[in-house]
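To start, the structure itself, in structure tokens.
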Amino acid sequence: MPTTNEQIRTTAKKLLEEKTVDCVIGYKKGTVPMREQPFFAYTPEQADELIWSGFCTNNLANFLIGRKDKVAVIAQGCVSRNIVGLIQEKQIRRDQVYIIGLHSPGMLDHWKIQARFPNKRIDQVVEEDDQILVKGPGLEEQVPRKDVRRDNCLTCVQRNPVIYDQLIGEPGQETGGGNIDKVAAPWEQLSSDERWQKFEQSFKDCIRCYACRDACPLCYCNECFVDESHPQWCGKTQEEADVFTFHILRAFHCAGRCTDCGACESACPVGIKMRRLTSKIEKDIRDMYGYQAGMDMEATPPLSVYQPNDPEDFMLK
Amino acid sequence: MKNLLEYIGLEPGRLHFSWISSAEAGRFQAKATEVVEAVRAQGPAKRLIKDIRPDWLKADAA
Chain A
1 MPTTNEQIRT TAKKLLEEKT VDCVIGYKKG TVPMREQPFF AYTPEQADEL
51 IWSGFCTNNL ANFLIGRKDK VAVIAQGCVS RNIVGLIQEK QIRRDQVYII
101 GLHSPGMLDH WKIQARFPNK RIDQVVEEDD QILVKGPGLE EQVPRKDVRR
151 DNCLTCVQRN PVIYDQLIGE PGQETGGGNI DKVAAPWEQL SSDERWQKFE
201 QSFKDCIRCY ACRDACPLCY CNECFVDESH PQWCGKTQEE ADVFTFHILR
251 AFHCAGRCTD CGACESACPV GIKMRRLTSK IEKDIRDMYG YQAGMDMEAT
301 PPLSVYQPND PEDFMLK
Chain B
1001 MKNLLEYIGL EPGRLHFSWI SSAEAGRFQA KATEVVEAVR AQGPAKRLIK
1051 DIRPDWLKAD AA
């Protein structure tokens, strides 16, 4: 039984040799431990660098946007949902993408792993079935995989890809085991004052590097609202009001499109939990429109249509 | 948008939406008065505001 890595490489080589595609987008080993990086293989030789691990947290759908050539892409559940979204939003054509589907085991959170070994250097993480082996100088310890999964992977509802041209391995369990309704929108039950406190605490450390935006497959505007200066929608400073405005608007632009892939949180260099905002919107969209982004190519995204019977209960009458 | 802003802790009653045609001057005036009164009742905004006064002016106000 070939390993998943071998299967990915064989598949990629075949696609490149037969010129079915011009490029295979996957992951390769990162330059630091616990961070794999996106990788573009243009030749069969380069395909040998492709890997699959629990740290493949970048959303590869992001790299399909605006491509003119034919590309193959490695896609687990959330990535395939984002590909559906991009096809619906006409950022890429279905016949341009060859989707190599994979079941996601639930990706790992490098913050959570590091937090278990404070002040220790981690050089390597070896993944076994339900355990991971963390190695470093004077350190070799097993940790249950489920304890260090990313938050969004715990409440995943679609681990198998929704669309694919070829599936590597077997389809697996569909959900992450957590109940999204129990953890989404964590501040809903709080008073207005408490919410503001939580919001301030959660976002005050932002350094505005925009990694969350750049990692997000929904953020493909040629010019982002934060970069526009005529008009200037959002101030450029580190003042709280400017930082908060950026995060509120970034989250809102994802309304009805976010697949909860968690790429934003994984990309953040200071560990901000953007999902505290996006999960609220995602929950509202589910409650109000009964819609989950990217699950069905034929479904109409709720914010792209108008219905005369919209309750509009937020409007002044 | 309203749900989201109130979720992050903007006070309920500070944000209002309405639909007014450019031909509805009377309605515009009525809604504007209504909104101004509602917001005035909330008092000065403390959240999501940027104070660009220099420090010595802030100290004066405090």
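Residue numbers (our numbering), protein chains in the order written: chain A, 1 to 317; chain B, 1001 to 1062. For every residue, glycine included, the Cβ atom is placed at its ideal position computed from N, Cα and C. All of these numbers come straight from a predicted model, not from anything done at the bench.
| query | result |
| --- | --- |
| Going by DSSP, what residue range makes up the beta strand (DSSP E) through A/K29? | 23-32 |
| List the endpoints of the continuous alpha helix (DSSP H) containing A/I65. | It is not in any alpha helix (DSSP H) - A/I65 carries neither H nor E in the DSSP assignment. |
| Please list, in chain order, the chain A residues whose beta carbon lies closer than 7 Å to that of B/F1017. | F314, M315, L316 |
| Does the Cβ of A/I180 have 16 or more other Cβ atoms within 10 Å, making it buried, or fewer, making it exposed? | buried |
| Beta carbons nearer than 8 Å to chain B: which residues of the stretch 175-199 of chain A have them? | A185, W187, E188, S192, D193, E194, R195, W196, Q197, K198, F199 |
| Can you tell me whether A/Y27 is buried or exposed, with buried defined as 16 or more other CB within 10 angstroms of its CB? | buried |
| Name the two residues that bound the continuous beta strand (DSSP E) containing A/F39. | 35-41 |
| For A/I100 versus A/A72, is the C-beta distance shorter than 8 Å? | yes |
| Below 8 Å between beta carbons: does that hold for A/C212 and A/A267? | yes |
| What is the residue span of the alpha helix (DSSP H) that A/E282 lies within? | 275-289 |
| For A/L16, is the classification buried or exposed, using 16 other Cβ atoms within 10 angstroms of its Cβ as the cut-off for buried? | buried |
| If we call anything under 8 Å between Cβ atoms a contact, is A/V143 one with A/I122? | no |
| Using a C-beta to C-beta distance shorter than 7 Å, which residues of chain A count as neighbours of B/K1058? | Chain A residues near B/K1058: none, gap ~13 Å exceeds 7 Å. |
| Return helix, strand or coil for B/F1017, following the three-state DSSP convention. | strand |
| Starting from A/V84 and walking both ways along the alpha helix (DSSP H), at which residues does that stretch end? | 77-88 |
| Going by C-alpha to C-alpha distance, which of B/P1054, B/R1047, B/F1017, B/D1055 sits closest to A/K198? | B/R1047 |
| Should A/K280 be labelled buried (16 or more other beta-carbon atoms within 10 Å of its own) or exposed? | buried |
| Taking just the CA atoms, how far does A/T4 sit from A/G169? | 7 Å |
| Give me whichever residues DSSP pairs with A/G101 in a beta bridge. | A/A75, A/L167 |
| Hey, A/L154 and A/G178 are a contact pair by Cβ (cut 8 Å); roughly how many whole angstroms apart? | 4 Å |
| Nearest to A/T11 by alpha carbon, out of A/A47, A/C234, A/H110, A/T237? | A/A47 |
| Using a Cβ-Cβ cut-off of less than 8 Å, give me the residues of the stretch 281-297 of chain A that come near chain B, in sequence order. | I281, D284 |
| Identify the contact partners of B/R1047 in chain C, using a Cβ-Cβ distance below 8 Å as the criterion. | The structure shown has no chain C; the protein chains it does contain are A and B. |
| Would you call the stretch 39-55 of chain A in contact with the stretch 247-257 of chain A, where contact means no fewer than 3 C-beta pairs closer than 8 Å? | no |
| Taking only the alpha-carbon atoms, compute the straight-line gap between A/K29 and A/C219 and give it to the nearest angstrom. | 25 Å |
| Can you grab the Cα-Cα spacing for the pair A/A115 / A/C206, in whole Å? | 20 Å |
| Consider the Cβ of B/G1026: report whether some Cβ of chain A lies at a distance smaller than 8 Å. | no |
| Nearest to A/A184 by alpha carbon, out of A/W196, A/I285, A/E174, A/E127? | A/I285 |
| What did DSSP end up calling A/R149 once you bin it into helix, strand or coil? | strand |
| Any contact between the stretch 250-262 of chain A and the stretch 298-305 of chain A? By contact I mean 3 or more CB pairs, one from each, below 8 Å. | yes |
| Measuring only between beta-carbons, confirm whether A/E239 sits less than 8 Å from chain B. | yes |
| Considering only C-alpha positions, which residue in the set A/C209, A/Q173, A/L102, A/I87 is nearest to A/Q7? | A/L102 |
| I want to see whether chain A comes within less than 8 Å of B/G1043, judged by CB atoms only; does it? | no |
| Spell out whether any CB of chain B is found under 8 Å from the CB atom of A/D310. | no |
| Between B/P1054 and chain A, is there a C-beta pair that is closer than 8 Å? | no |
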